[in-house]
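Scroll down for the structure; my scribbles are underneath it.
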Amino acid sequence: METKKQLSNYEIFIKGQLKVNLPAILIIFSSLFGLTIYADLSFKVSVIVGGILSWIYWSFAIKKWIKWAIIENNIEKDRVYKIGKNGFLLWNINQIDEVIDNKKKPWF
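Heads up: the sequence shown at position 57 corresponds to 1409 in our numbering, and the numbers run straight through without jumps.
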């Protein structure tokens, strides 16, 4: 049986940035560009639409990052939280609990 090497904080941080924050920022800017140039929407409306689309992406991507870190790589919950908070990926430890315990939050 093959054992996985222990991931450093930097590797966990970079994986989160590349899989969660970078695409979210690209979604904001690409929708801003596309909606202002091609759909002829105002700048403010384009920023709001881009922010909404980016938030939807973030909500799915952060769950995948948490599952990758905790379930697939056996990283402690507190360590993931500290890395996520410092990297602007997480802001509440309850997000990790919701993903691990598969809790559903109501929409309202």
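Note that the Cβ used here is the ideal one computed from N, Cα and C, for glycine as well.
Fair warning: this is a prediction, and the values are worked out from it, not measured in the lab.
Inset, instruction - Using alpha carbons as the reference points, say which of I1445, P1375, L1378, L1374 lies closest to I1418. - result: The residue with the shortest Cα to Cα distance from I1418 is I1445.
(message) Counting C-beta neighbours from all protein chains within 10 Å, is the total for L1370 16 or more, i.e. buried, or is it exposed?
(response) L1370 is exposed by the Cβ-count criterion.
Under 7 Å Cβ to Cβ from L1405, same chain only, skipping five residues before and after it: list those, please. The residues are I1379, S1383.
Quick one: which unbroken alpha helix (DSSP H) runs of 4-plus residues sit fully inside the segment 1375–1442? Chain order, please. Taken in chain order, the complete alpha helix (DSSP H) segments of 4 residues or longer contained in the segment 1375–1442 are 1395–1418, 1429–1438.
Does the beta-carbon distance from V1372 to W1410 come in below 8 Å?
W1410 is positioned such that its CB atom lies closer than 8 Å to that of V1372.
Review point. Is the beta carbon of I1452 sitting closer than 8 Å to the one on I1414?
Key: At the C-beta level, I1452 and I1414 stay beyond 8 Å of one another.
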